[in-house]
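In the numbering used here, the protein residues as written are 1 to 349.
We put the beta carbon where it would ideally sit given N, CA and C, even for glycine.
Small disclaimer: the values here were computed from a predicted structure and weren't measured.
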Amino acid sequence: MPASGCTEDTLRGAAIGLMVVTTITICSRAVLRVDRNTFVQWDEIWLFVGYLLFMTVTSVYISKAGVLFRILDVEEGRLAPYPSLAEDEFHEQKTFFFTNPGLWFTLWSVKFSLLAFYKRIMAGIKSYENCWWAVLSYCVISLVVVIVLHITACGPSPSLWFDQDGCSADDARQPLISFWAGFTADLTTDLMIMILPIGVIRNLHIPIVRKMQICTLFGLGLLVVIASIIRVIQVGTTIGPKRTTPAGTWLALWSIVESSVAIIVGCGPGLYRKAKSVRSNTPSYAYNSRGYIKTSDSRRANAEKHSEELYGLPINTKISGRSSEGSKEELIENDGAGKITVTKSVTVH
Numbered sequence: 001m002p003a004s005g006c007t008e009d010t011l012r013g014a015a016i017g018l019m020v021v022t023t024i025t026i027c028s029r030a031v032l033r034v035d036r037n038t039f040v041q042w043d044e045i046w047l048f049v050g051y052l053l054f055m056t057v058t059s060v061y062i063s064k065a066g067v068l069f070r071i072l073d074v075e076e077g078r079l080a081p082y083p084s085l086a087e088d089e090f091h092e093q094k095t096f097f098f099t100n101p102g103l104w105f106t107l108w109s110v111k112f113s114l115l116a117f118y119k120r121i122m123a124g125i126k127s128y129e130n131c132w133w134a135v136l137s138y139c140v141i142s143l144v145v146v147i148v149l150h151i152t153a154c155g156p157s158p159s160l161w162f163d164q165d166g167c168s169a170d171d172a173r174q175p176l177i178s179f180w181a182g183f184t185a186d187l188t189t190d191l192m193i194m195i196l197p198i199g200v201i202r203n204l205h206i207p208i209v210r211k212m213q214i215c216t217l218f219g220l221g222l223l224v225v226i227a228s229i230i231r232v233i234q235v236g237t238t239i240g241p242k243r244t245t246p247a248g249t250w251l252a253l254w255s256i257v258e259s260s261v262a263i264i265v266g267c268g269p270g271l272y273r274k275a276k277s278v279r280s281n282t283p284s285y286a287y288n289s290r291g292y293i294k295t296s297d298s299r300r301a302n303a304e305k306h307s308e309e310l311y312g313l314p315i316n317t318k319i320s321g322r323s324s325e326g327s328k329e330e331l332i333e334n335d336g337a338g339k340i341t342v343t344k345s346v347t348v349h
C-alpha cells in the first residue's frame, strides 16, 4: 500500500462512483427542464460542456491509473525500477499535459454557466452589469494565465511536454508556480462569483426566508472552495525533500473530486427550481407594494407554465426605467390570457 494512503482501487472506485453520481445529477437536471417551453440557455450549455470534460478527464485517469501507481511504487521504494519505467514516466508526463487543463476547463465551464445565469437576472441593471463584465473578464484572463503557465511548465516551448527528457525533475520551480497559480485563480474566481449576486438578492422585496433560501443556494459554491482547498493541502503534502512535484495519484483523485462537486453545484439552480414547483402543499404568493397576496392554484399553475423561473420564483424580468441613481425592475406574471399583471416593483440603487 502506498505510503500516501491512496491506492489504485481507491482511485478507480472514487472515479467510477463520482462519474455515476454526477451523471445521475446532470441527467436529473436535464429531465426536469423538459416541461419548460424555452430554448436551451447558455448556462445549460456551459454546464453540459463541463460535464463532458469531467467525464473525459476522469476516463483518462482511470485508464492511466496503473501507470501512475507503478511509478509511485518505484519512487517510494516498493518496486524495483523496471525496463519500461522511462516509457511509463513519459506516458505520465503526456497525460498530465492534457488532464490538468482539462480540470481547469471543467471548473471554468461551471463558472461560465453561473455567470450566464446571472446575466439574465441582471439584464438592464447597469451597475450590476458592469460588475458582471468585470468578473467575467477576470475569469477569462485568469484561465488564460493558468493554461499558459501549465503548458510552459517544462520550458518555454509546449513541445517539451512531448519530449521524453523535456520535463526535468531538476527544475521544479515552474510546475510549482503553475500548481499554486491554478489554485489561486480557482479560489478567487469562485469567491467573486459567489459574491456577485448578493446586491441583487439584498434589494429584492421578498420575505427574509426566501432571501435566505436563495443565499444558501448561491452559498453551495463553498463546497467547491472547500474541495479546492483540500485538494491543494492533500496534494501539497506529497511535496518534500525527495519529491519536488506533486504526486500524480493524489492530483488525479482530488481533481476528480473537485470537478464532480463543481458540476453537482452547477446543477443546483435547476434542481432547486423544480423542487419548489413540486411543493404543491405550500401556498404560493405574489407580492405588491401593499403586502402579500395569496395566489390561487390555477394562477400559480399558469405562472409556472408561462413564465421564466428564477430559483423557484415564477417571474419574468422587465426593466421599465433607468436613471443615474439606479434602475427599476418589475416582476411580472402572465395570467395565460394575454394580460400582464405587475406583482412587484423593485428599485435597485
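For residue j and residue i, believed in contact at Cβ under 8 Å, the rounded distance
i, j, result
"L143", "W108", "5 Å"
"L103", "S255", "5 Å"
"T249", "L11", "6 Å"
"I71", "D88", "6 Å"
"L187", "S228", "6 Å"
"V224", "V257", "In fact, because the Cβ distance is near 10 Å, the residues do not count as touching under 8 Å."
"T99", "V148", "About 17 Å separates the two Cβ atoms, so there is no contact after all."
"G50", "T106", "5 Å"
"V60", "T95", "6 Å"
"V110", "I263", "6 Å"
"L217", "K211", "With 8 Å as the limit, L217 and K211 do not qualify as a contact, their Cβ atoms being about 11 Å apart."
As assigned by DSSP and simplified to three states, the class of residue i
i, result
"L52", "helix"
"H150", "helix"
"R33", "coil"
"R231", "helix"
"S157", "coil"
"P81", "coil"
"P207", "coil"
"L251", "helix"
"C350", "Given that the chain is displayed from residue 1 to residue 349, the structure contains no residue 350 and the question cannot be resolved."
"P269", "helix"
"F183", "helix"
"E76", "coil"
"G124", "coil"
"K328", "With a pLDDT of only 42 at K328, under 50, the local geometry of the prediction cannot be trusted, and the value read off the model is given with reservation. Of the three classes helix, strand and coil, the one that applies to K328 here is strand, per DSSP."
"D165", "coil"
"Q41", "coil"
"T7", "coil"
"P197", "coil"
"L220", "coil"
"K119", "helix"
"K64", "coil"
Contact set for residue i: own chain, Cβ-Cβ below 6 Å, skip 5 residues either direction
i, result
"S260", "L18, T22"
"L114", "I193"
Sequence-distant residues of the same chain with beta carbon closer than 8 Å to residue i, five excluded per side
i, result
"F117", "Q41, D43, P269"
"C267", "T25, I26, S28, R29, L47"
Neighbourhood of residue i by C-beta, 7 Å cutoff - its chain only, sequence neighbours within 5 removed
i, result
"V146", "W104, A181, G182, A185"
"C167", "Q93, C154, L160, W161"
"K119", "W132"
"A252", "L11, Y61, L68"
Neighbour flag for residue i against chain C, beta carbons, 9 Å
i, result
"F54", "The chain inventory of the structure shown lacks chain C, comprising one protein chain alone."
Notebook entry, point to check: Would the segment 195–209 and the segment 144–164 be scored as touching if the rule is three or more Cβ pairs under 8 Å?
Noted result: no
Notebook entry, point to check: Taking contact to mean at least 3 C-beta pairs separated by less than 8 Å, is the segment 56–71 in contact with the segment 130–140?
Noted result: no
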